[in-house]
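Trainee: Here the protein sequences line up with chains A and B, keeping their order. For the first sequence, the numbering used here gives the first residue as 654, with consecutive numbering after it. For the second sequence, the numbering used here gives the first residue as 41, with consecutive numbering after it. Every residue, glycine too, gets a C-beta built ideally from N, C-alpha and C.
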Amino acid sequence: DGGITQSPKYLFRKEGQNVTLSCEQNLNHDAMYWYRQDPGQGLRLIYYSQIVNDFQKGDIAEGYSVSREKKESFPLTVTSAQKNPTAFYLCASSIQGGVGTDTQYFGPGTRLTVL
Amino acid sequence: LAKTTQPISMDSYEGQEVNITCSHNNIATNDYITWYQQFPSQGPRFIIQGYKTKVTNEVASLFIPADRKSSTLSLPRVSLSDTAVYYCLVARVIGGGNKLTFGTGTQLKVEL
Numbered sequence: 654d655g656g657i658t659q660s661p662k663y664l665f666r667k668e669g670q671n672v673t674l675s676c677e678q679n680l681n682h683d684a685m686y687w688y689r690q691d692p693g694q695g696l697r698l699i700y701y702s703q704i705v706n707d708f709q710k711g712d713i714a715e716g717y718s719v720s721r722e723k724k725e726s727f728p729l730t731v732t733s734a735q736k737n738p739t740a741f742y743l744c745a746s747s748i749q750g751g752v753g754t755d756t757q758y759f760g761p762g763t764r765l766t767v768l
Numbered sequence: 041l042a043k044t045t046q047p048i049s050m051d052s053y054e055g056q057e058v059n060i061t062c063s064h065n066n067i068a069t070n071d072y073i074t075w076y077q078q079f080p081s082q083g084p085r086f087i088i089q090g091y092k093t094k095v096t097n098e099v100a101s102l103f104i105p106a107d108r109k110s111s112t113l114s115l116p117r118v119s120l121s122d123t124a125v126y127y128c129l130v131a132r133v134i135g136g137g138n139k140l141t142f143g144t145g146t147q148l149k150v151e152l
């Protein structure tokens, strides 16, 4: 059953702690993306990666870090430097990226609450 | 990047056709127009994509005029389950990825 998974669905952390959100896909997609969504808002791009061992900053990368050691995995770390980390985080993947018709497929999301 | 503007909310009744229009005045030549649907606490789901004229699939139609400065998503015979937020996006190719600029979307509410 192909798809993109994120875990956990809900995550609670104390202020000042780093936390890593998981994103895995078995769609054999080259490109992967991380977005943040705040209540009543659209999605904002944090980081994206087209190929293994390569990634680029999006619009709001400050306070976040990523890695792409494997094609199917793109974990996001929310560091203590992120001022307002409480949000809904969405991971997406697409076949190759860099093509106008490429469609992004989204995971179910992780809701992070920092106490 | 092309900024999109769409109505904040729309109301409809079951069985009606719903048309949601989006404006993207500074769309570039290589930009594509994509619509996504999002239910609460879920990731957005792709609905339809187009470049110009009309595109139709099993769930919706997308109308794009010749100047491409706007687009209209048409949902035929909506049902309660179509209540969701609909995003109009202009997908720009950026290096090795595709940048999707999400606005606040249109909250569609379908009633009996």
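Indicate whether the contact test is met: 3 or more Cβ pairs, each with one atom in the region 715-731 of chain A and one in the region 51-67 of chain B, closer than 8 Å.
Mentor: The region 715-731 of chain A is not in contact with the region 51-67 of chain B.
Trainee: Give the single residue among Thr-112(B), Ser-119(B), Val-95(B), Asn-66(B) whose Cα lies nearest to the Cα of Lys-149(B).
Mentor: It is Ser-119(B).
Trainee: How many angstroms separate the CA atom of Gln-46(B) from the CA atom of Asp-707(A)?
Mentor: Approximately 35 Å, taken between the alpha carbons.
Trainee: Which residues does DSSP pair with Thr-732(A) in a beta bridge?
Mentor: Paired residues: none, contrary to the question.
Trainee: Helix, strand or coil, according to DSSP, for Leu-152(B) in the structure here?
Mentor: Three-state DSSP puts Leu-152(B) in coil, outside helix and strand.
Trainee: Can you pull the DSSP bridge partners for Lys-710(A)?
Mentor: Answer by DSSP bridge pairing, in chain order: Tyr-700(A).
Trainee: Under a CB-based cut-off of 8 Å, is Ser-728(A) close to chain B?
Mentor: Sequence inspection shows Pro at residue 728(A); the Ser mentioned does not correspond to that position. Not an interface residue.
Trainee: How long is the line joining the alpha carbons of Trp-687(A) and Asn-70(B), rounded to whole angstroms?
Mentor: Rounded to the nearest angstrom, the two C-alpha atoms are 23 Å apart.
Trainee: Under 7 Å between beta-carbons, which chain A residues line up against Pro-47(B)? List them in chain order, please.
Mentor: Within chain A, no residue comes near Pro-47(B); the closest Cβ sits about 14 Å away, beyond 7 Å.
Trainee: I need the DSSP call for Leu-680(A), collapsed to helix, strand or coil.
Mentor: Leu-680(A) falls in the coil class under three-state DSSP.
Trainee: When you compare only the Cα positions, how much space is there between Gly-55(B) and Gly-143(B)?
Mentor: Looking at the two C-alpha atoms, the distance is approximately 27 Å.
Trainee: Taking all protein chains shown into account, do 16 or more other C-beta atoms lie within 10 angstroms of the C-beta of Leu-698(A), making it buried, or fewer, making it exposed?
Mentor: Classification for Leu-698(A): buried.
Trainee: Cα-Cα, which of Ala-745(A), Glu-722(A), Gly-693(A), Ile-704(A) is closest to Gln-659(A)?
Mentor: Nearest C-alpha to Gln-659(A): Ala-745(A).
Trainee: Measuring straight from C-alpha to C-alpha, what distance separates Phe-736(A) and Arg-666(A)?
Mentor: According to the sequence displayed, residue 736(A) carries Lys and not Phe. Taking the straight line joining both Cα atoms gives about 14 Å.
Trainee: Checking contacts by CB at 8 Å: is Leu-696(A) closer than that to chain B?
Mentor: For Leu-696(A), the answer is yes, since a Cβ of chain B falls inside 8 Å of its Cβ.
Trainee: Enumerated in chain order, which unbroken segments of the beta strand (DSSP E) with a length of 3 residues or greater are wholly contained in the region 57-106 of chain B?
Mentor: Here the runs fully enclosed are 58-63, 72-78, 85-90, 93-96, 101-104.
Trainee: Can you name the residues of chain B whose CB is closer than 7 Å to the CB of Thr-673(A)?
Mentor: Neighbours of Thr-673(A) on chain B: none; closest Cβ ~19 Å, over 7 Å.
Trainee: How would you call Phe-727(A), buried or exposed, if buried means at least 16 neighbouring beta carbons within 10 angstroms?
Mentor: Phe-727(A) should be labelled buried.
Trainee: Return the chain-ordered list of same chain residues with a C-beta closer than 8 Å to the C-beta of Glu-57(B), the five sequence neighbours on each side being excluded.
Mentor: Ser-114, Leu-115, Pro-116, Arg-117, Val-118.
Trainee: Classify Val-130(B) as buried or exposed, calling it buried when 16 or more other Cβ atoms lie within 10 Å of its own Cβ.
Mentor: Val-130(B) should be labelled buried.
Trainee: Which of helix, strand or coil does DSSP assign to Asp-122(B)?
Mentor: The answer is helix: DSSP assigns Asp-122(B) an H, G or I state.
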